[in-house]
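Asks: Structure provided below as structure tokens; questions to follow.
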Amino acid sequence: MVSIDDKLQPILTEVLRRNAGEAEFHQAVHEVLESLGRVIAKHPHYLERSLIERICEPERQIIFRVPWHDDAGHIHINRGFRVQFNSALGPYKGGLRFHPSVNVGIIKFLGFEQTFKNALTGLPIGGGKGGSDFDPKGKSENEVMRFCQSFMTELFRHLGEYTDVPAGDIGVGGREIGYMFGQYKRLTNRYEAGVLTGKGLAYGGSRARKEATGYGNTWFVEAMLATKGETFEGKRVVVSGSGNVAIYTMEKVAALGGKVIACSDSGGYVVDENGIDTGLVKEIKEVRRGRISEYARLKGEGAHYITGGSIWDVPCDVAMPSATQNELTGKDARTLVKNGLLAVGEGANMPSTPDAIHIFRASGVLFAPGKAANAGGVATSALEMQQNASRDSWSSEQTQTRLAGIMRSIHDTCAATADEYGAPGDYVLGANIAGFVKVAEAMDALGVI
Ligand code: GLU
């Protein structure tokens, strides 16, 4: 890991002590603090007014029991979480993740990242994150519904369109949001459409929300490539994952002339030198809720499936990690750089390890950190909130135009901030500083909160 400014070290030490064992949260805080040395040198009041310590401490952390019955009548107990990290800029906003790996440290890292990401969108949303260690894999429709209803039966009292607005993340898509919205509505007797985002189009969802994270990341990388006079045209692109983010990344990359040659899931990866057929991935993942191994069998010639291994062994010009945290290691980064990598766009949250980021930055690879590049999803959630508040529904074109403008502005803000702080082209520094300054300024104006 890169060392941090001496003045910031005591803050990090305290975060590590207070949040013992929460490795991912430590990693996320470390990465932001690494970038803040240059900020406090210019603006010492952030340090003097304890704004950095305050930003590292969530406003509220909620942990609760989620009991539910499976189809055979057995009772299961999961743990539910909501970390309401920061509401200086607006109601807490951020997704819910259902995955067996979820624990408070994971939710805290995600909430921390979300706070800066949301600030970068320029929209009035604070940061939060939640979820459960429930594993949706292999569960029936009814089991998923009962779990979502039980989860919301506890969570609803902490939510509200002006308080906290969850959405989806890994393991939570339109189906789960529907069940949770239905239960919220029953419990509160209010049709409060803006309390959840990522809703279906039939009941207050926004057009282009599903596509937004993937499209947004692709537009961000497009803008980054343009600074070097490059485009996606003819580029070999590897996209890890095969969920919502990955699918719409592949779709947009292909529309911009790039060739996506590989994608993955937790079981392995598939390579298709003819270009991944996004329609087929959608069918497998969204309709059948199946595994990516089925792709090679269904597609036939030109496609092959590799069990396990690393998708980053596939030579490419652009890497778009869109699966989960720490999926791209230092070893992977070295392989990618050796194979002539030009750019990375992080579709997932914190997918590259600190070693990998170090290697990318040291090798001059264009690197778009998740908190900037994947902000299109939450930005479109904020547009969904706008539509709900005005009881309106925008066309897909109108929504995508707004989203494209937001991604362009995030790109330009990160680039301009990196220039201002003497590190041209360093999007990590630019994103961390621009996000931090926005939140810290608002907090400072609101008193000692
Ligand atoms: N889970 C997404 C993220 O990591 C979206 C959050 C939202 O739409 O609130 O940004």
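Residue numbers (this note's numbering): 769 to 1217. Don't be surprised by glycine CBs; every beta carbon is placed ideally from N, CA and C.
(1) When the Cα atoms are used, what is the spatial distance from Q777 to L864?
(2) My output table needs one value for F1128: the three-state DSSP class, helix, strand or coil.
(3) Can you tell me whether T981 is buried or exposed, with buried defined as 16 or more other CB within 10 angstroms of its CB?
(4) Distance, Cα to Cα, A1219 vs N1094?
(5) Considering only residues of the same chain and omitting the five flanking positions on each side of K1139, which have a CB-CB separation below 6 Å?
(6) As a quick exercise: from A1172, V1133, S1131 and G1132, pick the residue whose alpha carbon is nearest that of L1151.
(7) Could you check if Y860 is buried or exposed, using at least 16 other CB atoms within 10 Å of its CB as the buried criterion?
(8) In the DSSP assignment, what residue or residues form a beta bridge with P934?
(9) Could you give the first and the last residue of the continuous alpha helix (DSSP H) run that contains I820?
(10) Per DSSP, R850 forms a beta bridge with which residues?
(11) Compare the beta carbon distance of F919 and V834 with 9 Å and say whether it is the shorter of the two.
(12) Could you pull the start and end residues of the alpha helix (DSSP H) that V797 belongs to?
(13) Going by DSSP, what residues sit across from L1134 in a beta bridge?
(14) Quick check on the DSSP output: the alpha helix (DSSP H) that includes D1100 runs from which residue to which?
(15) Examine the ligand GLU and report whether any of its heavy atoms sits within less than 8 Å of the Cβ of V1146.
(16) Any chance the CB of V933 is under 8 Å from a heavy atom of the ligand ATP?
(17) Between which two residues does the beta strand (DSSP E) carrying G1036 extend?
(18) Which partner residues of P835 appear in the DSSP bridge assignment?
(19) Say yes only if the C-beta of K1106 is nearer than 8 Å to one or more non-hydrogen atoms of the ligand GLU, and no if none qualify.
(20) Assuming contact is defined by CB atoms lying nearer than 9 Å, are Q1168 and Y983 in contact in what I supplied?
(21) Taking Cβ to Cβ, would you say I945 is nearer than 9 Å to G928?
(22) My output table needs one value for T981: the three-state DSSP class, helix, strand or coil.
(23) Going by DSSP, name the residue or residues bridged to V1088.
(24) Excluding the five sequence neighbours on either side, which residues of its own chain have a C-beta within less than 7 Å of the C-beta of V1082, listed in chain order?
(25) Between N985, E1001 and K1099, which has its C-alpha nearest S1177's C-alpha?
(26) Does DSSP put D1123 in a helix, in a strand, or in coil?
Replies: Straight from the coordinates:
(1) When rounded, the separation of the alpha-carbon atoms in Q777 and L864 is 31 Å.
(2) It is helical.
(3) That one is buried.
(4) Past the edges of the chain, shown from 769 to 1217, lies residue 1219, and the structure says nothing about it.
(5) Here the set comprises E881, F884, K885 and A1199.
(6) Nearest C-alpha to L1151: A1172.
(7) The residue is buried, with at least 16 neighbouring Cβ atoms inside 10 Å.
(8) BP columns for P934 point to G862.
(9) Here the alpha helix (DSSP H) through I820 covers L819 to C824.
(10) Paired residue(s): I830 and G898.
(11) Cβ distance < 9 Å, so F919 and V834 count as in contact.
(12) A791 to K810 is the extent of the alpha helix (DSSP H) around V797.
(13) Beta-bridge pairing links L1134 to A1111.
(14) Element bounds for D1100: G1098 to K1106.
(15) Indeed, a heavy atom of the ligand GLU lies less than 8 Å from the Cβ.
(16) In the structure on display, the ligand ATP does not appear, and the ligands it does have are the ligand GLU.
(17) For G1036, the enclosing beta strand (DSSP E) begins and ends at G1036 to D1040.
(18) Paired residues: I845.
(19) Short note on K1106: C-beta not closer than 8 Å to any heavy atom of the ligand GLU.
(20) Closer than 9 Å, so yes.
(21) With contacts defined by Cβ atoms closer than 9 Å, I945 and G928 do not form a contacting pair.
(22) In the structure shown, T981 sits in a helix (DSSP, three-state: H, G or I).
(23) The amino acid occupying residue 1088 in the given sequence is Met; Val does not appear at that position. Answer by DSSP bridge pairing, in chain order: V1007.
(24) For V1082, where only same-chain residues beyond five positions count, the Cβ hits under 7 Å are V1006, I1029, A1030 and V1039.
(25) Comparing Cα-Cα distances from S1177 to each of N985, E1001 and K1099, the minimum goes to N985.
(26) Helix.
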